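Only one structure is covered here, and it is reproduced in the block below.
In this note's numbering, the protein residues as written are 498 to 820.
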């Protein structure tokens, strides 16, 4: 059975993911919970910076739109963001294993605090404790807000209908803020909320990390699961497993018993008025009047004969030759 997957990522990240999922024979819907808005008038200086740090693809895109430098080493949390950086022309790119803690470990291993400060291109809402952990490692971090992640203020009518009617099998959530936005929009529904939440009971929520799953559990999903690692490869494996589980559960569901259809009995033949009824009962009924008529004839004949005999006897004295 071909499953339908909803992607809630910003459109820039959702489109390449959608192509990957369609290649795996999945239907894809995209409804971003966040819209990325670069801050055009921000001013920052990367002079003397030994490396750039990013925790999302959105920060890399925003930086590339504001600064032409591509020669600085760039460190990011995951391979998907690293791929975006390479596509934008950055020459020296390294990816951690999917989260902020991994990024800090990589920085500690590759860089030295005495070689200069680090630059973090951040969004208006920062996830994780990158600044604190980098400071604890002895580095100086320059953080600049270079983009804004604007939350969606409503779910589309088409999506609400699909959710209510369970026309979606899997919902993908990639950040705690995305999950919180989705949860708040569902809980803020009026009369539709009950129907939508009832529909969620047949939908699986797949999350990028345990933190995302914790935020998603505020809704009554069929199930909530988190990827083994916060990277795209683990997320794709999670989608495959969920798809296989849904197929297995569908195959195991008992087939409803067929309602027995009463055996058809032949209808009574309709008599053709032009065809004589030759059944024994009909023949008996038809001949009864004629038999009665013949009986009356014989009775009448006997009565007449009796009268004739009596008349003859009464006239004997008159004509007898022996008187």
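The beta carbon of each residue, even a glycine, is placed where N, CA and C say it ideally should be. A quick note: this is a predicted structure, and the numbers were derived from the prediction, not measured.
Assess contact between the region 613 to 629 and the region 517 to 529, defined as three or more Cβ pairs (one per stretch) separated by less than 8 Å. Is contact present? no
Keeping to the same chain, check which residues put their C-beta closer than 6 Å to that of residue 720; ignore five residues upstream and five downstream. 701
Return the first residue and the last residue of the beta strand (DSSP E) that residue 534 is part of. Where residue 534 is concerned, the enclosing beta strand (DSSP E) stretches over 531 to 535.
Since I believe residue 642 is in contact with residue 539 (beta carbons under 8 Å), could you give me their beta-carbon distance rounded to a whole number of angstroms? 7 Å
Which first and last residues belong to the beta strand (DSSP E) in which residue 525 is found? 524 to 527
Do the region 705 to 713 and the region 724 to 738 meet, that is, are 3 or more Cβ pairs less than 8 Å apart? The region 705 to 713 is in contact with the region 724 to 738.
Inter-residue CB distance, residue 667 and residue 736 (contact presumed, cutoff 8 Å): Taking the Cβ atoms as the reference, residue 667 lies roughly 7 Å from residue 736, within the contact range of under 8 Å.
Span of the alpha helix (DSSP H), counted from its first residue to its last, around residue 691: Run containing residue 691: 690 to 697, per the alpha helix (DSSP H) assignment.
Does DSSP classify residue 650 as helix, strand or coil? Three-state result, residue 650: coil.
Using a 10 Å radius around the Cβ and a threshold of 16 neighbouring Cβ atoms, would you call residue 688 buried or exposed? That one is exposed.
Could you compute how far the alpha carbon of residue 626 sits from the alpha carbon of residue 694? 33 Å
Secondary structure at residue 601, three-state DSSP: helix, strand or coil? helix
Give the DSSP-derived three-state secondary structure of residue 640 in the structure shown. strand
Taking residue 611 as part of the alpha helix (DSSP H), name the residues at either end of that continuous run. Note, residue 611: premise wrong, no alpha helix (DSSP H); not H, not E.
Report buried or exposed for residue 742, applying the criterion of at least 16 other Cβ atoms within 10 angstroms of its Cβ. exposed
Only counting the same chain, and skipping five residues up and downstream in sequence, which positions put a Cβ closer than 7 Å to that of residue 715? 680
Leaving out five residues before and five after residue 519 in sequence, what residues of the same chain have Cβ atoms less than 6 Å from its Cβ? 525
Can you tell me where the alpha helix (DSSP H) with residue 736 in it begins and where it stops? Residue 736: member of the alpha helix (DSSP H) spanning 729 to 749, first to last residue.
Quick one: give me the first and last residue of the beta strand (DSSP E) that residue 505 is part of. Looking at the DSSP string, residue 505 is not in any beta strand (DSSP E), and its letter there is neither H nor E.
What residues match up with residue 705 in a beta bridge as DSSP calls it? Answer by DSSP bridge pairing: none, since residue 705 is not bridged.
Is residue 620 helix, strand or coil by DSSP? strand
Would you mind reading off the limits of the alpha helix (DSSP H) that contains residue 578? 576 to 584
Quick check: the region 556 to 566 against the region 576 to 589, are at least 3 beta-carbon pairs closer than 8 Å? yes
For residue 500, count the other beta carbons within 10 Å of its own beta carbon; 16 or more makes it buried, fewer makes it exposed. Which is it? buried
Compare the beta carbon distance of residue 589 and residue 571 with 8 Å and say whether it is the shorter of the two. yes
Could you tell me the boundaries of the beta strand (DSSP E) in which residue 629 lies? No beta strand (DSSP E) holds residue 629; the alpha helix (DSSP H) holding it covers 627 to 633.
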